[in-house]
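Scroll down for the structure; my scribbles are underneath it.
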Amino acid sequence: MPDTFKPWERQPALTAERLSRIVTALRDARDDALNSYEPLKGETVWTLGCSKYERSMLAIRSLSESNPTWLTLVPEVARLRCTFAVDGVPVRFYHQVPDFDPPAKYAASTDGEDRHYQMLFEVDGVPFRKMLYRLAIEDDSARKVKSITLVEFDDTGAIVNEYTIPFGLAPSKILPLQAKPVSLEPVTLPPLEPERPDEKVGNDENDNSSTGTK
Amino acid sequence: MTKTTIPVREQSDFLWEPRQLFWGARLQIAREFKELTQKSLADKVSASPALISLCEAGRKNPSTDLVQAFGEVLGFEPNFFYQEVEDLFHEEQCSFRHRRSAQERVKAKVRAHATLIGMVVGCLRSLLKFPSQNIPHFPLSKRTASEVEEAAEACRKHWNLGIDGPIMQVGRAFEHAGVIIVPHLVKTTKIDAFSRCGPTAVIFLNKTIPSPSRWHFDIAHEGGHLVMHPGIETGSIETEREADRFASAFLMPRKAFSRDFSMGDAADWKHIFAIKRRWQASAGAIVRRAYDLGLIDAVRYRKAYKHMSFHKWTVNGEPEEPAFQEPEILSGALTSLGTRVKTTIDELRQQLHFTPETFKEVTGVIVPAAKLKLSPVIPFH
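Protein chains in written order, with this note's numbering: chain A, 1 to 214; chain B, 1 to 381.
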């Protein structure tokens, strides 16, 4: 699948900088687990996988604590499930080559994701199409992280797009804008009968009733 | 033997001319406004409760002296009872946001008060151009939370408020739609707010609880009833929850709010009060909104609520309250009298057949004393 997909064009929250920070933290955590892997002391591939997963969860948690403005953990019923939200867009990760079909449990949305998608009902009046986002982690032959790819699934679980996330991108200095508050003009009540020309009192400019917003 | 003179009533006292039909509904409104039972009114006017009941039901035309007595006891001129009620506030049109301990007597008083306000507004409409009523109706079919969210967002879009930013003057949004907002004049903490959906849409606020952010929520809550529950009996747990959710969604649209809420630490009260300053909603409403949208979990929500209860914010009001934009339509209309229109407040009162005291009680505006006409001074020669 050609790597022309730009996730931020579909979801403004999924910027390259943010995704890069997440995958860099994941890569470092998983490679650290590999560095401390000691088969001679009874550890197996199974325990290595568990260690990588637990360390990945810790890395995401730590990153969310230091970046609460855009990264949050999504509460899930299943205790070991790790779902996080990038500025409201829920994301999960799994270990597999991205071109292959993902494990079935990752192709379906979780209850935490469904709750988050309720908030993303529409953008500027355009109904939001529910898509799932997963980070597919691919290892090399030495079990080190080779690449991490953002995979977009449609609601049938089919892969629609992929984006290989670069490691170590510098964080952007751009801040999100907040929408301007809505300020309303006061209601004015023009008289039905003509005003007395000799006894005008009050502000003449307010004669027309206005319903506009500032 | 000196001739004693028997004091007689001034002829002018009898100058009012009773019209053909006595309107029992007006007697009921006046009685409920004074928080009197049929029995207590009967005692005060030396009549039987049965007679009062018959008069209110329109099955008995009371004598002129009894009508005069009604007027004296209830604070209305006798002719008040001989005019048709053009816009009666029926029970099924009214919604109360109240405690379960709120007495029916208090609710009846508020409803009667609102009906009297409706009469005042009815008279003012013949003098001033009020905004036409523009309340969108979105009745709920599935009655789900997402349907309520959509109704609130559709309402904001209908009024060109967008769904991205906070509304700085919530009351004005409803006043532009022709809703009359009245600061509550009933001295009770049992009723938070009241609304009526009908030809004259009215929202009453209770300002005995000093919390502008709560008044904003009350306005939006009652607005929710006007938008979602026209012709539906309200007061059930379901309708109140729907109106609460509407108020939250109207004041804090889900997408924009979740974006702002996620920009800080949900466990930090400084962050919550920063959101309060921006969105003009109470910290309680913000925490509840975050919980409803899944931004905080149940444990965090309960901890926050415990914190607020401990500091008595729910009872005494919260810190960092926003400024409140006082309702402007009714007060603006009344201050126009005698200035921008010829009719004075006293003339309006006379049209309504209220006594000056009752007029003040209903509108909160004091009727200026009529200018005395001085008789010409005869000079000494």
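Cβ coordinates follow ideal geometry from the N, Cα and C atoms, glycine included.
- In this structure, the alpha-carbon of B:G231 lies about 6 Å from that of B:Q93.
- A Cβ-Cβ separation of about 16 Å leaves A:P7 out of contact with A:Y117 under the 8 Å criterion.
- Against chain A, the beta carbon of B:K129 has neighbours under 8 Å at L189, P190, P191, L192 and S209, listed in chain order.
- Contact check for B:F80 against B:H353 passes: the beta carbons are separated by less than 8 Å.
- A:P166 and A:S36 have their C-alpha atoms spaced approximately 25 Å apart.
- The C-beta distance from A:F100 to A:L132 rounds to 16 Å, too long to fall under 8 Å, and the pair is not in contact.
- Spanning the alpha carbons of A:K180 and B:S258 requires a straight line of approximately 16 Å.
- Flagged as an interface residue toward chain B: A:R115, by a C-beta distance shorter than 8 Å.
- Taking CB atoms only, B:R289 has no neighbour in chain A less than 8 Å away.
- Between the region 275-289 of chain B and the region 313-327 of chain B, the count of Cβ pairs shorter than 8 Å is three or higher; the stretches touch.
- Residue pairing of A:N161 in beta bridges, as defined by DSSP: A:E152.
- Closest in C-alpha terms to B:F204, from the list B:P212, B:D244, B:T239 and B:D218, comes B:D218.
- If you check the CB distance, A:A25 and A:G88 do not come in under 8 Å.
- Look at A:P186: its C-beta is under 8 Å from a C-beta on chain B.
- Ranking A:V187, A:S183 and A:N161 by CA distance to the CA of B:D164 puts A:S183 first.
- Here the alpha carbon of B:V179 sits roughly 13 Å from the alpha carbon of B:W159.
- With 16 or more other Cβ atoms inside 10 Å of its own Cβ, B:L36 counts as buried.
- Assigned with DSSP and collapsed to three states, A:L34 falls in helix.
- For B:P183, the enclosing beta strand (DSSP E) covers residues I180 to P183.
- Pairwise C-beta distances place the region 132-150 of chain B out of contact with the region 51-70 of chain B, as fewer than three of them are shorter than 8 Å.
- Secondary structure note for B:E56: it is in no beta strand (DSSP E), and the uninterrupted alpha helix (DSSP H) holding it is P49 to A57.
- Put simply, the backbone Cα of B:Y291 is about 21 Å away from that of B:I167.
- Excluding residues up to 5 positions away in sequence, V85 and L88 lie with their Cβ nearer than 7 Å to the Cβ of B:A25 in the same chain.
- When rounded, the separation of the alpha-carbon atoms in B:I209 and B:F261 is 27 Å.
- In this structure, A:P103 and B:G294 do not form a Cβ contact; the two beta carbons are roughly 25 Å apart against a cut-off of 8 Å.
- Each of A:V77, A:S141 and A:T15 was checked against the Cα of A:T110, and the nearest Cα belongs to A:V77.
- At a cut-off of 8 Å between beta carbons, B:G223 makes no contact with chain A.
- The beta-carbon distance between B:K39 and B:L51, rounded to whole angstroms, is 11 Å. This is too long to meet the 8 Å contact definition.
- Each residue's CA atom was taken as its position, placing A:L135 and A:Y94 some 6 Å apart.
- B:R97 sits in a strand when the DSSP states are folded into three classes.
- Membership of B:F204 in the beta strand (DSSP E) is indicated by the continuous run V202 to L205.
- Runs of the alpha helix (DSSP H) lying entirely within the region 237-293 of chain B, each at least 4 residues long, are 237-251, 254-261, 269-279 and 283-292 in chain order.
- Annotated as proximal: B:H216 and B:L251, with beta-carbon spacing under 8 Å.
- Straight across, the Cα-Cα distance linking B:G118 with B:H98 is about 21 Å.
- Within chain A, T69 have C-beta atoms less than 7 Å from the C-beta of B:M263, given in sequence order.
- Minimum Cα-Cα distance from B:A201 among the listed residues B:I296, B:F70, B:T115 and B:P253 corresponds to B:T115.
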